[in-house]
Every structure is written in structure tokens, then in C-alpha cells.
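Counting in the numbering used here, the sequence shown runs from 8 upward without gaps.
Read through the structure below, which is laid out as C-alpha cells, and then see the notes.
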Amino acid sequence: MAKKIIKHSGFSLARIVTKNGSGNIDKLIQSLSRTSPSNPWVVFRDSDAKCPVELRRHLTKSDTANPAFLLRIVHPMTEGWLMADPQSFSQYFKIAAKTVPVDTELLPHAKRTLLALCSKSRNRDIRSDLVHPDGSAGPLYVSQINKFAEDYWDVAAAAQNSPSLHRALVRLEELRSFLLTQ
């Protein structure tokens with residue numbers, strides 16, 4: 008998902024770093040926030056149902072903004088941003104479009120909602136790849152989500168339904184403008 012958003016915003020990527028969990032990302036945010044314009048960083052992190060403003064304040068521990076560092080709190084979870092493009096989501100995961108929530112930012116746990124939707128997919132492979140019988144993420148959850156995000160997800164369509172994604176795109180444009188003047 009991050010790669011698609013970055014490309015959509017007109018950036019080219021030097022490197023993508025995944026840390027498998029917000030706790031691991033949180034440990035890096037302080038050092039990344041001190042980056043220079045020659046080495047900008049964009050970090051996407053789920054809010055995990057916390058207040059995004061308070062979470063940002065806690066993670067950055069600074070009132071001074073660094074224009075070469077962008078921390079975007081995904082509210083409530085990245086899965087919500089993906090479901091905010093209901094047309095592509097329903098087509099890829101073979102579910103009825105009317106079952107995709109209209110306002111994914113109000114979901115208490117977007118990943119659980121995504122898993123529940125995919126458990127009802129008309130495609131058996133989608134069901135078995137994404138969802139274990141107990142409702143938890145299946146063996147190919149990450150690869151299927153990444154494939155959807157990279158090849159099918161429409162960032163612009165999702166941003167129309169997700170205010171936090173829209174704000175992220177605006178901030179990325181501001182970062183891009185800043186970097187072009189350096």
C-alpha cells in the first residue's frame with residue numbers, strides 16, 4: 008500500500024522498510040524524524056484505535072516539524088484505506104460491493120472487518136488464502152493484500168472516501184514541493 012501511495016504522489020522510491028508491527032516502527036521514528044532533505048523519509052503507521060493526534064505527539068516527542076520527514080497515522084488501520092475503494096475491493100476479493108462499509112474510518116477494527124468480508128468471498132482461494140477457519144489472518148493474507156494494493160487499488164478513489172488518506176496525499180504533495188525547492 009505504501010509503495011502505491013508514494014508512486015501516486017509522484018515520488019520514486021529508494022527503499023521500502025517494513026518492520027512487522029507498530030512497536031518495531033515506533034522505535035525508529037525518533038531517529039528518522041531527524042532526517043535531512045537529502046534523505047527524506049515517509050512513515051505510515053496504523054493508529055490502532057488511538058487518537059491520531061495524541062499518537063503522533065507521543066511518537067515524535069517534538070513540536071518542531073522537520074519538513075523532510077512525514078509521519079502519517081493511518082486511521083484506523085491500513086485495511087480501512089484499502090476498503091475505502093469499494094469498487095476495486097469488491098471486484099478483487101469477489102464480494103458484494105454493498106457489503107463493504109461506507110465509512111471505513113469508523114470501524115473499530117478494520118482488519119477484522121476485512122477478514123469477515125473475505126470469509127464470505129465467492130472465490131474459495133480468496134477465502135482459504137486470507138482467512139483461517141477461526142477468523143484470523145490466513146497463510147497468504149499479506150501477499151494477497153499487497154497484490155491487491157499494488158495492482159488493483161485506486162488511491163484516488165479511496166481518498167474520496169477516506170479523509171485521513173486524503174490528508175496523507177495532501178501532505179505528500181507538500182513534501183514533494185518542499186523537496187523540489189531544495
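Cβ coordinates follow ideal geometry from the N, Cα and C atoms, glycine included.
Being a predicted model, the structure only gives us computed values, none of them experimental.
Check	Outcome
Sub-9 Å separation of K68 and Q37 beta-carbons	yes
Buried versus exposed call for T120 [16 or more other C-beta atoms within 10 Å across all chains shown]	buried
Backbone secondary structure at W160 - three-state DSSP	coil
Supposed contact pair K101 and S202 - C-beta distance, whole angstroms, cut 8 Å	Given that the chain is displayed from residue 8 to residue 189, the structure contains no residue 202 and the question cannot be resolved.
Cutoff 6 Å; reference D92; Cβ partners in own chain excluding five residues on either side	W160, D161, A164 and A165
Span of the beta strand (DSSP E) around D141	Premise fails: D141 is in no beta strand (DSSP E) and is neither H nor E.
D53, enclosing alpha helix (DSSP H) - first and last residue	Looking at the DSSP string, D53 is not in any alpha helix (DSSP H); the run it does join, the beta strand (DSSP E), is W48 to D53.
Given 8 Å, three or more beta-carbon pairs between the region 108-124 and the region 84-91	yes
Beta-carbon spacing of L122, S143 below 9 Å	yes
Contact check, M24 vs R52, beta carbons under 9 Å	In the sequence as displayed, the identity of residue 24 is Val instead of Met. For V24 and R52, no; Cβs fall outside 9 Å.
Neighbour-count burial assignment, R64, 16 or more Cβ in a 10 Å radius	exposed
Same chain, Cβ closer than 6 Å to L137, five either side skipped, listed in chain order	C125, G145, Y148 and Q151
The ligand NAD heavy atom lying under 8 Å from the CB of I12	Annotation note on the ligand NAD: not contained in the displayed structure, which lists no ligands.
Proximity winner among S43, L77 and F155, relative to S95 (alpha-carbon distances)	F155
Alpha helix (DSSP H) segment containing F96, residue limits	P93 to F100
L31, buried or exposed, once every other Cβ within 10 Å from all chains shown has been counted against 16	In the sequence on display, residue 31 carries Asn and not Leu. Result: exposed.
Alpha-carbon spacing of R41 relative to K118, whole angstroms	32 Å
Same chain only: Cβ atoms within 7 Å of A16, ignoring 5 sequence neighbours per side	Here the sequence assigns Ser to residue 16, which means Ala is not the residue at that position. Contacts found: L176, L179, E180 and R183.
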